[in-house]
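In terms of this note's numbering, the sequence shown opens at residue 21 and continues consecutively. Note that beta-carbon positions come from the ideal geometry of N, C-alpha and C, so glycine has one too. Predicted, not measured: the structure shown is a model, and the values here were computed from it.
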Amino acid sequence: MTTDTSKFNDQNVRSQTPHKNMWLTAFLTSIAGIITSVYSTLHHLELRQNGHTMAACNINSVVNCDAVAASKYSEIFQIPLGVWGLGYFLAMALLSGTIFFNHKSSKDHEPTWFLLAASGLVMSLVLGGISLGVLGTVCIVCIIVYALTFVQAGIAWKLWAARRSSLDFSPKTTYAGFTTAGIALIACVLGFNFLKPTGVLPTEFQDTPGKHDGVGAPPLQAITPKDIPINKNVYSGLGEDFRQGPDDAKIVIVEFADYMCPACGGTAPILEDLRRQLGNRALFVFKNFQLSSQCNASMQNDMHPLSCDIAKIARCAGSIGRFWDFHLKAYQEQSKASKETVREWGKYVGLTPKQMDECLASKDIQAKLLDDAALGNKIGVNSTPSIYINGFQYQGERTAVAMRAAVESL
């Protein structure tokens, strides 16, 4: 009886993968990256649908996943970075898996794995630089992704000296590896486009590249205009509405907004530009619609807990004639918001610590915030910012040019 040893020897040789523990680490790191990328994508979709999330990584204004996901840098070609990350880590898992398990295609896949490990490191450095240098905000989920790419780059660095002499970077070999990686990436992108929810966040929260570049006369909501009462003195309603422009202006622009809403922060300078363009032709009115159960009865959760305190100090600033100075300051430095910085903004416009303490504890100011939110709920405000021009809800491009065109259409 003879024994066929060729099959046994082939299996024995293939089982002896050089640096097996390193390849196992690379494979498991890719799996961790896949899980993290799926979470990142789901978080991104929740933010786009609701304008906010209750994610544990929203610790403060500096460490805040929502702020990063709401920025224009969170998508490439309107595809969330989480989806691109999912495609990348899936590709790395396939490549490192074929090497770890010593598949017959491992020789074709290994060079591509090294190239992608280097590219992942570069991309992480670029995105990390944008997060810290441009946005001034840190995303914990993003840091996890960066750490995983750094681990893979470290493994590649250690393996390079031992493996470079056996690597084949010929076009034929790299084509095979990049084909596998490309299929993984394309599958993730196409899968996202096929499976993503059709009901996404209203356009106010969308901050994707080119979103606000359009010019033209956008539509106003083609229904009966809303009746939005404006309190023009301290004795009317539950308190005066702070406003700019003549009270008898034919054009009245009312904004319902939240001081911690990124989209509201991006809209504030645009409305200020529009106000300067229109001059005395328009009256601009601000009403509170904070996304916090502390001062908005329609909210089930305290999504932006600091926004109510900011709104109270803003009204406090209004009592000394500095509402709009504080208002713009709060939006300009929104990413730095904290209990301490809010007081610094108050001090900047001339408020004393005692005045701010009294305003934060004021039942009258609290009642006014609740009343603004109740009015917003009554007329159907369901996102921030919501802007009404002579009672018609504005739903067009968020640019001063486009908004002015809407005004002129009236």
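Could you pull the start and end residues of the beta strand (DSSP E) that residue i belongs to?
| i | result |
| --- | --- |
| residue 408 | 406-409 |
| residue 353 | Neither: residue 353 is in no beta strand (DSSP E) and is coded neither H nor E. |
| residue 276 | 271-277 |
Quick one, which of the options has its alpha-carbon nearest residue i's?
| i | options | result |
| --- | --- | --- |
| residue 199 | 108, 314 and 340 | 108 |
| residue 131 | 140, 170, 139 and 197 | 197 |
| residue 98 | 110, 64 and 175 | 64 |
| residue 407 | 300, 102, 173 and 294 | 294 |
| residue 272 | 245, 257 and 256 | 245 |
| residue 332 | 262, 289 and 140 | 262 |
| residue 420 | 341, 291 and 307 | 291 |
| residue 340 | 367, 316, 150 and 122 | 367 |
| residue 329 | 404, 397, 377 and 101 | 377 |
| residue 159 | 137, 110, 201 and 91 | 91 |
| residue 180 | 347, 204 and 39 | 39 |
| residue 308 | 164, 140, 370 and 274 | 274 |
| residue 267 | 67, 301, 338 and 161 | 301 |
| residue 175 | 157, 396, 386 and 133 | 133 |
| residue 82 | 412, 356, 124 and 135 | 356 |
| residue 388 | 123, 415 and 256 | 256 |
| residue 312 | 404, 414 and 101 | 404 |
| residue 10 | 204, 146, 124 and 259 | For the chain, the structure presents residues 21 to 430; residue 10 sits outside this window and is missing. |
| residue 362 | 383, 382, 326 and 397 | 326 |
| residue 44 | 67, 122 and 80 | 122 |
Would you give the residue range spanned by the alpha helix (DSSP H) that residue i belongs to?
| i | result |
| --- | --- |
| residue 90 | Run containing residue 90: none; DSSP gives neither H nor E here. |
| residue 250 | Note, residue 250: premise wrong, no alpha helix (DSSP H); not H, not E. |
| residue 417 | Per DSSP, residue 417 belongs to no alpha helix (DSSP H) and is neither H nor E. |
| residue 244 | Where residue 244 is concerned, there is no enclosing alpha helix (DSSP H), given that its DSSP letter is neither H nor E. |
| residue 77 | Per DSSP, residue 77 belongs to no alpha helix (DSSP H) and is neither H nor E. |
| residue 191 | 191-215 |
Just checking my contact of residue i with residue j at CB under 8 angstroms: how many whole Å lie between their CB atoms?
| i | j | result |
| --- | --- | --- |
| residue 75 | residue 86 | 7 angstroms |
| residue 379 | residue 336 | 3 angstroms |
| residue 209 | residue 103 | 6 angstroms |
| residue 264 | residue 212 | At roughly 43 angstroms, the Cβ-Cβ gap does not stay under 8 angstroms, so residue 264 and residue 212 are not in contact. |
| residue 88 | residue 155 | 6 angstroms |
| residue 116 | residue 46 | 4 angstroms |
| residue 112 | residue 50 | 4 angstroms |
| residue 306 | residue 401 | Not a contact, Cβ separation roughly 13 angstroms. |
| residue 317 | residue 394 | 7 angstroms |
| residue 161 | residue 287 | Actually they are not in contact, since the Cβ atoms of residue 161 and residue 287 sit about 26 angstroms apart, beyond 8 angstroms. |
| residue 168 | residue 52 | 6 angstroms |
| residue 106 | residue 157 | Between residue 157 and residue 106 the Cβ distance is about 22 angstroms, and since that is not below 8 angstroms, they are no contact. |
Is it right to say residue i is buried, meaning 16 or more other beta carbons lie within 10 angstroms of its own, or is it exposed?
| i | result |
| --- | --- |
| residue 177 | exposed |
| residue 409 | buried |
| residue 372 | exposed |
| residue 230 | Because the pLDDT of residue 230 is 37, which lies under 50, any placement of that residue in the model is unreliable, and the question is left without a value. |
| residue 344 | buried |
| residue 349 | buried |
| residue 54 | buried |
| residue 94 | buried |
| residue 249 | exposed |
| residue 166 | buried |
| residue 254 | exposed |
| residue 214 | exposed |
| residue 310 | buried |
| residue 351 | buried |
| residue 247 | exposed |
| residue 119 | buried |
| residue 359 | exposed |
| residue 195 | exposed |
| residue 251 | buried |
| residue 370 | exposed |
| residue 220 | Only weak support is given to the placement of residue 220: the predicted model assigns it a pLDDT of 45, under 50, and the value that follows is read from those uncertain coordinates. Answer is exposed; the Cβ neighbour count stays below 16. |
| residue 434 | A question about residue 434 goes unanswered here, because the residues of the chain that appear run from 21 up to 430. |
| residue 236 | For residue 236, the predicted model reports a pLDDT of 42, less than 50, meaning its position is unreliable and no value from the coordinates is stated. |
- Query: Which whole runs of the alpha helix (DSSP H) in the segment 279-330 are 4 residues long or more, in chain order?
  - Reply: 282-298
- Item | Complete runs of the alpha helix (DSSP H) confined to the segment 340-391 [at least 4 residues] | 343-352, 359-368 and 373-380
- At 4 residues or longer, and completely inside the segment 107-184: list those alpha helix (DSSP H) runs for me, N to C. 126-149 and 160-183
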